[in-house]
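Enquirer: As they're listed, the protein sequences go chains A and B.
Numbering that gives the first Met the number 0 numbers the first residue of the first sequence as 0 and each following residue consecutively.
Numbering that gives the first Met the number 0 numbers the first residue of the second sequence as 0 and each following residue consecutively.
Ideal placement from N, C-alpha and C gives every residue a C-beta, glycine not left out.
Quantities reported herein were computed from a predicted structural model and do not represent experimental measurements.
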Amino acid sequence: MSSADSLLSIRNLRKSFGDNVVLDDVSLDVQQGDCVVLIGASGSGKSTLLRCINLLETVDDGTVELDGVELTDPRVDADEVRSRIGIVFQAFNLFPHLSVLNNVTLAPIKVHGVARAAAEQRAMQMLDRVGLADKAKARPDELSGGQQQRVAIARALVNSPQLLLLDEVTSALDPELVGEVLTLLQELSEEGMTMVLSTHEMSFARQVADTVCFLDNGRLLEVGTPEQVLLAPREARTQQFLSRISF
Amino acid sequence: MSLPDAGTGWSPSDKQRERISYRRSRTIRSGLTAGSSTLVVLAVLVVGVTSSPGWPRVRDTFFSWPDARHSFLPVLQGLWLNVRVMLICSVLVVIFGLAIAILRTLRGPIFFPLRLFAGAFTDLFRGLPLLLVLYLLGLGGPALRLGGLPVNPLIWGSAALVLTYSAYVAEVFRAGIESVHPSQRAAARSLGLTYLQTMRFVILPQAVRRVLPPLLNDFVSLQKDSGLIAVLGVIDAIRAAGIESSRNFNYTPYVVAGFLFVCLTIPLTRLTDHVAKRQGWYGGGGTATI
Chain A
0 MSSADSLLSI
10 RNLRKSFGDN
20 VVLDDVSLDV
30 QQGDCVVLIG
40 ASGSGKSTLL
50 RCINLLETVD
60 DGTVELDGVE
70 LTDPRVDADE
80 VRSRIGIVFQ
90 AFNLFPHLSV
100 LNNVTLAPIK
110 VHGVARAAAE
120 QRAMQMLDRV
130 GLADKAKARP
140 DELSGGQQQR
150 VAIARALVNS
160 PQLLLLDEVT
170 SALDPELVGE
180 VLTLLQELSE
190 EGMTMVLSTH
200 EMSFARQVAD
210 TVCFLDNGRL
220 LEVGTPEQVL
230 LAPREARTQQ
240 FLSRISF
Chain B
0 MSLPDAGTGW
10 SPSDKQRERI
20 SYRRSRTIRS
30 GLTAGSSTLV
40 VLAVLVVGVT
50 SSPGWPRVRD
60 TFFSWPDARH
70 SFLPVLQGLW
80 LNVRVMLICS
90 VLVVIFGLAI
100 AILRTLRGPI
110 FFPLRLFAGA
120 FTDLFRGLPL
130 LLVLYLLGLG
140 GPALRLGGLP
150 VNPLIWGSAA
160 LVLTYSAYVA
170 EVFRAGIESV
180 HPSQRAAARS
190 LGLTYLQTMR
200 FVILPQAVRR
210 VLPPLLNDFV
220 SLQKDSGLIA
230 VLGVIDAIRA
240 AGIESSRNFN
250 YTPYVVAGFL
260 FVCLTIPLTR
270 LTDHVAKRQG
280 WYGGGGTATI
């Protein structure tokens with residue numbers, strides 16, 4: 000794989016918080032339409048990697064390129080970059096003071112200058128896509144966790160992002176609700192959305208991932224197809240991690 | 000309550016009936032206890048005060064009905080000034096307080112002077128007694144005799160109120176802004192909203208909602224402190240009461256003014272309670288991560 004034809008290209012990324020090195024020399028390429036799944040123990044750097052791609056953290060070294068443009072260049076317009084990358088968080092992070100519909104239309108109206116009527120029409124399409132068109136007028140706290148997370152996904156999709164980042168989006172949900180979110184993600188992947196996601200759902204990773212990456216202590220220890228990494232891991236550390244998880 | 004429901008065919012068990020009647024008897028008993036203890040306390044207070052040796056004198060000086068009747072209208076007219084001062088000052092306090100609070104939360108080296116100014120402003124005016132600020136501005140300001148500056152003590156007095164209360168209100172707003180979880184900022188920025196858009200559409204609406212009860216509390220306080228501008232010679236309710244009182248050395252007009260101030264602030268305090276209670280339902284709870 001070369002960085003020339005990949006949508007997202009990460010080279011020698013390094014990030015530390017004080018003395019704690021969270022990402023150490025991470026390099027990764029994501030092709031258009033790929034689904035890349037990050038696995039690894041809590042604290043291995045999965046979330047930080049996603050936050051670095053979205054410029055929510057400033058990197059200490061290395062580069063991140065999206066579609067040939069270096070995002071880590073400090074001269075780049077971070078707000079413009081973020082509006083091309085969707086991110087969904089573990090804790091949903093919906094805006095509690097806005098209705099479901101307004102959560103979805105906020106960015107199109109304020110960032111992209113879309114007229115309200117057009118933005119609402121598109122938002123309704125997105126909510127319909129995630130199966131929640133009937134909840135448009137509800138407030139986030141009136142929804143279940145799975146519904147809130149699906150709204151968060153609709154909110155990320157409405158900007159038509161080139162890349163969708165998902166940070167342990169099912170970790171705060173009970174097992175029954177996990178299914179509805181994962182099904183949605185699988186459909187999105189099949190429709191060709193490029194996604195990078197971190198998860199502890201190994202069976203889901205196996206089904207949906209084109210590439211699985213195992214992160215350990217900030218280092219990208221193993222990268223390969225789901226069959227390679229999940230079923231026949233090379234590294235002892237990967238074997239150890241996977242042996243503790245049943246899937 | 001737990002009444003038999005025709006629809007479901009459920010009727011309370013004997014155990015539940017017994018619990019209901021027990022709870023009812025407890026409620027009645029608590030009501031009786033509260034009522035009688037209130038009566039006893041009131042009786043002790045009234046008897047204690049009225050049986051004191053100086054009571055007749057105090058009654059004539061503070062609670063004289065004819066004086067109250069004569070002073071009521073002038074004091075009420077004075078109060079109208081307090082109301083106007085309070086309304087105008089409230090609007091200005093919200094604007095200045097919010098501006099100062101936002102200045103204090105700005106990041107980046109270029110804003111250092113603004114942050115410093117905002118910090119010094121709140122430190123200074125939260126520390127200075129309001130009375131002192133009133134004297135400094137109300138007497139010092141016009142004495143500068145600068146052309147263009149107003150000489151009206153009403154304007155200077157209101158300015159002193161605005162400066163002092165802006166400092167308090169700014170801190171209330173700042174507490175609200177900082178109470179919004181950082182993940183909200185991350186979510187907004189990740190959608191491409193700029194710093195100011197994030198502030199305007201995501202942080203401030205949540206922050207203001209959270210601090211509404213303490214904010215209204217500050218306005219109750221502003222309402223009565225508007226009476227302090229009397230020291231500048233403006234004829235407000237307190238000053239009017241002073242004039243009436245000096246006619247025949249009777250303090251009843253002050254009591255009338257005090258009564259009117261309480262009547263003025265009660266609606267706002269009730270509103271504050273109401274908002275705080277609603278907040279408990281809709282805002283107070285919730286996890287730190289939403």
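Hey, quick one: how far does the alpha helix (DSSP H) through I237 (chain B) stretch, first residue to last?
Expert: For the purposes of this step, residue 237 (chain B) is taken as residue 238 along the second sequence, with counting starting at 1. Residues 236-246.
Enquirer: Quick one: grab the DSSP three-state call for Q218 (chain A).
Expert: Residue 218 (chain A) sits at position 219 when you count from the first residue of the first sequence. Rather than Gln, the amino acid found at residue 218 (chain A) in this sequence is Arg. R218 (chain A) falls in the strand class under three-state DSSP.
Enquirer: Does the distance between the C-beta of R68 (chain B) and the nearest non-hydrogen atom of the ligand GTP fall short of 7 Å?
Expert: You won't find the ligand GTP in this model; it holds no ligand whatsoever.
Enquirer: What is the rounded straight-line gap between the Cα of P141 (chain B) and the Cα of L100 (chain A)?
Expert: Counting from 1 along the second sequence, the entry for residue 141 (chain B) is found at position 142. Counting from 1 along the first sequence, the entry for residue 100 (chain A) is found at position 101. Using only the alpha carbons, I get a separation of about 55 Å.
Enquirer: In chain order, what residues of the region 198-212 of chain A put their CB closer than 8 Å to some CB of chain B?
Expert: none
Enquirer: Would you tell me roughly how many angstroms separate the C-alpha atoms of L55 (chain A) and F240 (chain A), rounded to the nearest one?
Expert: Taking the first residue of the first sequence as position 1, residue 55 (chain A) is located at position 56. Taking the first residue of the first sequence as position 1, residue 240 (chain A) is located at position 241. Going by the C-alpha atoms only, they are around 28 Å apart.
Enquirer: Is A135 (chain A) closer than 8 Å to L126 (chain A) when the C-beta atoms are compared?
Expert: Along the first sequence, read from residue 1 onward, the residue named residue 126 (chain A) stands at position 127. Along the first sequence, read from residue 1 onward, the residue named residue 135 (chain A) stands at position 136. Cβ distance < 8 Å, so L126 (chain A) and A135 (chain A) count as in contact.
Enquirer: Would you list, in chain order, the members of the region 183-206 of chain B that have their beta-carbon closer than 8 Å to a beta-carbon of chain A?
Expert: Q183, A185, A186, A187, R188, S189, L190, G191, L192, T193, Q196, F200, V201, P204, Q205
Enquirer: Is the shortest distance between the beta-carbon of G17 (chain A) and the beta-carbons of chain B less than 8 Å?
Expert: Here residue 17 (chain A) is taken as the residue at index 18 of the first sequence, counted from 1. It does not: the Cβ of G17 (chain A) has no partner Cβ on chain B nearer than 8 Å.
Enquirer: Using a Cβ-Cβ distance cut-off of 8 Å, determine whether V110 (chain A) contacts chain B.
Expert: Taking the first sequence and counting its residues from 1, the one referred to as residue 110 (chain A) is at position 111. It does; some Cβ of chain B falls within 8 Å.
Enquirer: Take every Cβ of the region 31-38 of chain A, pair it with every Cβ of the region 206-216 of chain A, and state whether three or more of those distances are shorter than 8 Å.
Expert: yes
Enquirer: Give the interface partners of L55 (chain A) over in chain B, defined as CB-CB distance under 8 Å, in chain order.
Expert: Translated into positions along the first sequence, residue 55 (chain A) becomes position 56. Correct list: A185, R188, S189.
Enquirer: Check this for me: beta carbons of A122 (chain A) and V87 (chain A), under 8 Å apart or not?
Expert: On the first sequence, position 123 is the one that residue 122 (chain A) refers to. On the first sequence, position 88 is the one that residue 87 (chain A) refers to. No; because the gap between Cβ atoms is not below 8 Å, this pair is not in contact.
Enquirer: Going by the DSSP bridge assignment, what does T210 (chain A) pair with across the sheet?
Expert: In the first sequence, counting from the first residue as 1, residue 210 (chain A) sits at position 211. Answer by DSSP bridge pairing, in chain order: A:V35.
Enquirer: Name the chain A residues whose beta carbon is nearer than 7 Å to that of R208 (chain B)?
Expert: What you label residue 208 (chain B) is simply residue 209 of the second sequence in a count that begins at 1. The contacting residues are H96.
Enquirer: My output table needs one value for S35 (chain B): the three-state DSSP class, helix, strand or coil.
Expert: The count along the second sequence starts at 1 and reaches residue 35 (chain B) at position 36. Helix.
Enquirer: Identify the continuous alpha helix (DSSP H) that holds I84 (chain A) and give its terminal residues.
Expert: Taking the first residue of the first sequence as 1, we reach residue 84 (chain A) at position 85. Here I84 (chain A) belongs to no alpha helix (DSSP H); instead the beta strand (DSSP E) covers 84-87.
Enquirer: Since I believe G77 (chain B) is in contact with L231 (chain B) (beta carbons under 8 Å), could you give me their beta-carbon distance rounded to a whole number of angstroms?
Expert: Position 232 of the second sequence holds residue 231 (chain B). Position 78 of the second sequence holds residue 77 (chain B). About 14 Å; that fails the 8 Å criterion.
Enquirer: Is there at least one Cβ from chain B nearer than 8 Å to T79 (chain A)'s Cβ?
Expert: Taking the first residue of the first sequence as 1, we reach residue 79 (chain A) at position 80. For clarity, residue 79 (chain A) is Glu in the given sequence; the question names Thr instead. E79 (chain A) counts as touching chain B.
Enquirer: Tell me the DSSP secondary structure of N19 (chain A) in three-state form.
Expert: Counting from one through the first sequence, the residue named residue 19 (chain A) turns up at place 20. N19 (chain A) falls in the strand class under three-state DSSP.
Enquirer: Determine, using beta carbons only, whether L164 (chain A) and G85 (chain A) come nearer to each other than 8 Å.
Expert: Position 165 of the first sequence holds residue 164 (chain A). Position 86 of the first sequence holds residue 85 (chain A). Cβ distance < 8 Å, so L164 (chain A) and G85 (chain A) count as in contact.
Enquirer: Looking only at C-alpha atoms, which of B:R103, B:Q196, B:E170, B:A98 sits nearest to P213 (chain B)?
Expert: Your numbering for residue 213 (chain B) matches position 214 in the second sequence. Measuring C-alpha to C-alpha distances from P213 (chain B) to each of B:R103, B:Q196, B:E170, B:A98 identifies B:E170 as the nearest.
Enquirer: Could you tell me which of B:V132, B:L190, B:A187 sits nearest to Y164 (chain B), measuring between CA atoms?
Expert: Residue 164 (chain B) sits at position 165 when you count from the first residue of the second sequence. Residue B:V132 is the option with its Cα nearest to Y164 (chain B).
Enquirer: Is the shortest distance between the beta-carbon of L162 (chain A) and the beta-carbons of chain B less than 8 Å?
Expert: Mapped onto the first sequence, residue 162 (chain A) falls at position 163. Answer no: the Cβ-Cβ gap between L162 (chain A) and chain B never drops below 8 Å.
Enquirer: Could one say the Cβ of S82 (chain A) lies closer than 8 Å to chain B's Cβ atoms, at least one of them?
Expert: Translated into positions along the first sequence, residue 82 (chain A) becomes position 83. True, the Cβ-Cβ gap to chain B drops below 8 Å.
Enquirer: Is the beta carbon of Q183 (chain B) closer than 8 Å to that of V210 (chain B)?
Expert: For the purposes of this step, residue 210 (chain B) is taken as the residue at position 211 of the second sequence. For the purposes of this step, residue 183 (chain B) is taken as the residue at position 184 of the second sequence. No, they are not a contact pair.
Enquirer: What's the gap between the Cα of L113 (chain B) and the Cα of R103 (chain B)?
Expert: Here residue 113 (chain B) corresponds to residue number 114 of the second sequence, with the count starting at 1. Here residue 103 (chain B) corresponds to residue number 104 of the second sequence, with the count starting at 1. Roughly 8 Å separates the two Cα atoms.
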